[in-house]
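Encoded as structure tokens, the structure appears first; notes follow it.
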Amino acid sequence: MQYEGGAMEGGRGPSIWDNFTHQHPDKIADRSNGDVAVDSYHLYKEDVRLMKDMGMDAYRFSISWTRILPDGTLRGGVNREGVEYYNNLINELLSRGVQPFVTLFHWDSPQALEDKYGGFLNPNIINDYKDYAEVCFREFGDRVKHWITFNEPWAVSVAGYAMGVLAPGRCSPWEMGKCSAGDSASEPYTVSHHQLLAHAAAVKLYRKKYKVVQKGKIGITLVSAWFVPFSHSDSDSDAAKRAIDFMFGWFMDPLTRGDYPLSMRRMVRDRLPRFTKQQSKLVKGAFDFIGINYYTANYADNLPPSNGLKSYNTDARANLTGESWGKISYGNQHSVKTMRKRCFEV
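The working numbering puts the first residue of the sequence shown at 60, with every later residue one more than the last.
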């Protein structure tokens, strides 16, 4: 969606981002959309040539769910023209000595599933996502050796369902996105829960049916900032730890421990979904590798309990800022070590 273009070509179905950019152009800074983007759909050969000229040996790209399954389901049929496009791209990469790293989901869930049952708010999407992933494993897995199930699931849950500034643009009415529908107190947690279960279902399928033959690896890419206490107080130190739990631990802890961070359990309570014993076992250890997108750091200071409206955005009780007395925090080696340690707590 961010670069591919060809949104209305090759049998591709609409995604929630097509709907969001066309129906709510006011929420896009320059009122643009992804219909053309940088037109990699038509210019992929030139793109790959440039990669080779630059000395790149790997290229991470996303497959559009609706270019493979236009209505999001296997029942609706596989779009062979979409399969052909990605086959051509993968073959072009390999012919130039560039290894494909494939992301299966980069925020662009099928609009048909959003209309049918609410997309990632509904557990039905777990099996539909698994079906989509299997088509990709079957069609491309003989050449693709690195699979990423989800890119930055936190961004989908928070920006899409707590703040309402990204597709599908849902949030409580008082939040930043001024949404017409949504619940920032519960929907972000539901969406994350279903993303984790969909990820785990795809990993289980790949390991059981394809990994031995195709000899590939499968993982997930998370995003996290680092959080530094605003002051030396114990309360600010605790706030920084909670902020990490509510961003990185929200996804990493289920993958390593089989459950959400204790701080989230304590503060979100019954708004935070629970894993069954079987689900916990399925999610725990469901990765061969973890990708981490890291951009910046924030200072965190403690907020008192809120007696007002509930939202993911205030649940951590941490006030976040990029500056402290004129200084900006960018993180440090401690942030890398801590995240690395948390990844290997399986």
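All residues carry an ideal CB built from backbone N, CA and C; glycine is no exception.
{"Query": "Delimiting residues of the alpha helix (DSSP H) encompassing W166", "Result": "Unbroken run through W166: none, as it is neither H nor E."}
{"Query": "F334, DSSP secondary structure in three states", "Result": "coil"}
{"Query": "Three or more C-beta pairs below 8 Å linking the stretch 290-299 and the stretch 261-281", "Result": "no"}
{"Query": "Exposure of S91, with buried meaning 16 or more beta-carbon neighbours within 10 Å", "Result": "exposed"}
{"Query": "Neighbour-count burial assignment, T380, 16 or more Cβ in a 10 Å radius", "Result": "exposed"}
{"Query": "Extent of the continuous beta strand (DSSP E) to which H205 belongs", "Result": "205-210"}
{"Query": "Residues bridged to I279 [DSSP beta-bridge criterion]", "Result": "I349"}
{"Query": "Cβ-heavy atom distance, N186 to the ligand ATP, below 7 Å", "Result": "The ligand ATP is absent from the structure shown, which contains no ligand whatsoever."}
{"Query": "Own chain residues within Cβ distance below 8 Å of E151, not counting five before or after", "Result": "Y103, K104, V107"}
{"Query": "Stretch pair the stretch 184-200 + the stretch 219-233: three plus CB contacts closer than 8 Å", "Result": "no"}
{"Query": "Straight-line Cα distance separating H252 from R324", "Result": "13 Å"}
{"Query": "Burial state of S123, where buried means 16 or more other Cβ atoms lie within 10 Å", "Result": "buried"}
{"Query": "Cutoff 7 Å; reference P247; Cβ partners in own chain excluding five residues on either side", "Result": "S216, V217, Y220, A221, Y371"}
{"Query": "Straight-line gap, F346 to N210 (C-alpha atoms, nearest Å)", "Result": "14 Å"}
{"Query": "Cβ-based burial, R139 [other Cβ within 10 Å; buried from 16]", "Result": "exposed"}
{"Query": "Inter-residue Cα distance where the pair is R328 and K369", "Result": "12 Å"}
{"Query": "Runs of alpha helix (DSSP H) lying entirely within the stretch 290-317, each at least 4 residues, in chain order", "Result": "293-303, 309-316"}
{"Query": "Own chain residues within Cβ distance below 6 Å of D94, not counting five before or after", "Result": "A66"}
{"Query": "C-alpha distance - G131 paired with M311, whole-angstrom precision", "Result": "27 Å"}
{"Query": "Rounded distance between the beta-carbons of P84 and Q170, thought under 8 Å", "Result": "Going by Cβ atoms, the distance from Q170 to P84 rounds to 16 Å, so no, they are not a contact pair."}
{"Query": "Enclosing beta strand (DSSP E) for V327 [first to last residue]", "Result": "Where V327 is concerned, there is no enclosing beta strand (DSSP E), although the alpha helix (DSSP H) it sits in stretches over 321-327."}
{"Query": "Reduced DSSP secondary structure (H/G/I, E/B, other) of L256", "Result": "helix"}
{"Query": "Residue range of the unbroken beta strand (DSSP E) whose run includes L180", "Result": "Here L180 belongs to no beta strand (DSSP E), and DSSP marks it neither H nor E."}
{"Query": "Spatial neighbours of P320 in its chain, beta-carbon cut-off 6 Å, leaving aside the 5 residues before and after", "Result": "D304, G308, D312"}
{"Query": "Strand pairing of Q158, partner residues [DSSP]", "Result": "A117"}
{"Query": "4-residue-minimum alpha helix (DSSP H) runs that sit fully inside the stretch 210-270, ordered along the chain", "Result": "212-220, 246-268"}
{"Query": "D77, enclosing beta strand (DSSP E) - first and last residue", "Result": "No beta strand (DSSP E) contains D77, which is instead part of the alpha helix (DSSP H) from 75-82."}
{"Query": "Residue(s) in a DSSP beta bridge with A379", "Result": "Here the sequence assigns Leu to residue 379, which means Ala is not the residue at that position. Its beta-bridge partners are A359."}
{"Query": "For H205, the nearest candidate out of V262, N78, C230 (CA to CA)", "Result": "V262"}
{"Query": "Pick from A359, Y358, R376 that is closest to N366, judged by C-alpha positions", "Result": "R376"}
{"Query": "7 Å Cβ shell around R119 - same chain, five flanking residues per side excluded", "Result": "F160, T162"}
{"Query": "Identified DSSP bridge partners for F286", "Result": "N357"}
{"Query": "Other residues of its chain near D15: CB distance less than 7 Å, five sequence neighbours each side excluded", "Result": "Look at the range of the chain in this structure, 60 to 405, and you will see that residue 15 is not part of it."}
{"Query": "F79, buried or exposed, once every other Cβ within 10 Å from all chains shown has been counted against 16", "Result": "buried"}
{"Query": "DSSP state of S91 mapped onto helix, strand, coil", "Result": "coil"}
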